[in-house]
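Accompanying notes for the structure given below.
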Amino acid sequence: MNTKQTRRGFLRTGGAGATLLLLGTRASGRIIGANDRVRIGVAGLNGRGQSHIGGWLDQENVELAYLADPDENVLNRAIAGVSKRTEGKQSPNAVADIRRALEDKSVDAISIATPNHWHSLATIWACQAG
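Count along the sequence shown from 1, then add 2; that gives the number in this note's numbering.
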């Protein structure tokens, strides 16, 4: 059995843990039943954002509620990709500003895949939103 930790594996696990940490803040206010769906937003859709989208779509009971990116072309491609991959079963809201997604109290967590220099501000906004 190979137990060597790779940098990529560490980052993947750490990113998932950080997202789940944010999930706990809003989700702790209510009990999520086995049949409930967790509503997720993804901010930053190029590069790493595509991995976030794919990872969330691979999970059961996860709904991509919002996709956020200031580049309209990237946003439209991501929305089309989600629709194609889910055969039209999921159609996330498209927003250019992550704050629009954070205003929606039905969103349980935001997965932040923006360039590094935007991570802290997006995290602060997410924490302020609850």
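Glycine is no exception: its CB is placed at the ideal position from the N, C-alpha and C atoms.
Item: Same chain only: Cβ atoms within 6 Å of Ala98, ignoring 5 sequence neighbours per side; Value: Pro72
Item: Local Cβ density within 10 Å of Ser122, reported as buried at 16 or more and exposed below that; Value: exposed
Item: Residue environment, Ser113, which counts as buried when at least 16 other CB atoms sit within 10 Å; Value: buried
Item: Unbroken stretches of the beta strand (DSSP E), 3 residues or longer, contained in the stretch 32–96; Value: 40–45, 64–70
Item: Test item: CB-CB of Asn78 and Asp38 under 9 Å; Value: no
Item: Gly51 classed as buried or exposed, judged by whether at least 16 other C-beta atoms fall within 10 angstroms; Value: buried
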